[in-house]
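Engineer:
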Amino acid sequence: MLRTIAIVAAAVFAVATPVVQFATATSPVAETNLVRDGDTTLEAAGYAFSIWSLIYAGLIAYAVYQALPSTREMPGLRKLGWPSVIAMTGCGLWLIAAMLDAKVATVAIIVISAATLTVPLLKRYPVQHRIEFWLVAAPLSMLAGWLTIASAINALTVLTGMGVITAATAPAWATGGIVLVVAIAAGPSVPRPTPRPVPRRWAADKPSSWMPASHRPRSPQPARSRQSPTPGPWPP
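With positions in the sequence shown counted from 1, the corresponding number in my numbering is that position plus 101.
Below you can see the structure in the form of structure tokens.
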């Protein structure tokens, strides 16, 4: 029961955080110092973030499904329940850390969230029903895929903002980041469900097939003013 409640709470926290930011006109992520100071090496294209609407919908569906009395003790949920709590909580905490310009904290949060969810997803579990695949494996795989790839982008952004990556070395770092993203995308894919319990590996790369194309290296830009960002809504 504790795990069930924790999953619901984490899903609500993950989805509610950007909603509250939007409702209170809190600074959008794109206008925070975290991004403004370090997006000259590699950045995600704006349309890449459109998948978050689908991820959030999937997380809510997952939270509701796992709370049903008949599904609470499924093997997959026993293995993925607590890792999903950490990952979903990390989604909300990352937005708060970005708003506060806690650069190192954003990297720590996203890397821990990605690793915690991706490792168990790469193991073998029995996908018992097709609905379990779509309401458990699919949404968590999408989340883990995004977090894993975004970890590289986040790290490059922070290193650029801290001055570790300079205008001279930015192209090499950007190329390395793209190679890493492509390598992740080339990993194992999410298996198709079967009507009967068969051990399957839930790999966390569902969004990986299109995310490499949604990230682009940036040309060095002139130094910009580091004044406080203008408040505004954060687009999900």
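No residue lacks a Cβ here, since even glycine has one placed at the ideal position from N, Cα and C. Note that the structure is a prediction, hence the values are computed from the model and not measured.
By a C-beta neighbour count over all protein chains shown, 10 Å radius and 16 as the cutoff for buried, is Ala271 buried or exposed?
Structural biologist: As a working note, residue 271 is residue 170 in the sequence shown. Ala271 should be labelled buried.
Engineer: What beta strand (DSSP E) runs, 3 residues minimum, are completely inside the region 179–237?
Structural biologist: List check, beta strand (DSSP E) in window: 225–228.
Engineer: Suppose you measure from the CA of Ala239 to the CA of Thr127; what does that come to, to the nearest Å?
Structural biologist: Locating residue 239 in the sequence shown gives position 138, counting from the first residue. Locating residue 127 in the sequence shown gives position 26, counting from the first residue. The straight-line gap from Cα to Cα measures roughly 31 Å.
Engineer: Which of helix, strand or coil does DSSP assign to Ser252?
Structural biologist: Translated into positions along the sequence shown, residue 252 becomes position 151. Reduced to three states, the DSSP call for Ser252 is helix.
Engineer: Would you tell me roughly how many angstroms separate the C-alpha atoms of Ile152 and Met102, rounded to the nearest one?
Structural biologist: What you label residue 152 is simply residue 51 of the sequence shown in a count that begins at 1. What you label residue 102 is simply residue 1 of the sequence shown in a count that begins at 1. C-alpha separation (whole angstroms): 31 Å.
Engineer: Just the Cα atoms here: how many angstroms apart are Ala203 and Val165?
Structural biologist: Taking the first residue of the sequence shown as 1, we reach residue 203 at position 102. Taking the first residue of the sequence shown as 1, we reach residue 165 at position 64. Taking the straight line from one Cα to the other gives about 32 Å.
Engineer: Do you know offhand how far Ala269's Cα is from Ala275's?
Structural biologist: The sequence position of residue 269 within the sequence shown is 168, counting from 1. The sequence position of residue 275 within the sequence shown is 174, counting from 1. If you take the alpha carbons of Ala269 and Ala275, they lie about 11 Å apart.
Engineer: Within its chain, find whatever has a CB closer than 8 Å to the CB of Trp183; leave out the 5 residues flanking it on each side and keep chain order.
Structural biologist: Within the sequence shown, numbered from 1, the residue matching residue 183 stands at position 82. Result list for Trp183: Arg104, Ala107, in chain order.
Engineer: Using CA coordinates, which residue listed in Pro221, Ile187, Ile156, Tyr157 is at the minimum distance from Pro176?
Structural biologist: Taking the sequence shown and counting its residues from 1, one reaches residue 176 at position 75. Taking only the C-alpha atoms, the option nearest Pro176 is Pro221.
Engineer: Could you tell me the boundaries of the alpha helix (DSSP H) in which Val265 lies?
Structural biologist: Residue 265 sits at position 164 when you count from the first residue of the sequence shown. No alpha helix (DSSP H) holds Val265; DSSP gives it neither H nor E.
Engineer: Taking the Cβ atom as the reference point for each residue, do Ile187 and Met243 lie within a distance shorter than 8 Å?
Structural biologist: Here residue 187 corresponds to residue number 86 of the sequence shown, with the count starting at 1. Here residue 243 corresponds to residue number 142 of the sequence shown, with the count starting at 1. No.
Engineer: Could one say the Cβ of Gly177 lies closer than 8 Å to chain D's Cβ atoms, at least one of them?
Structural biologist: Absence of chain D from the displayed structure is noted, only one protein chain being present.
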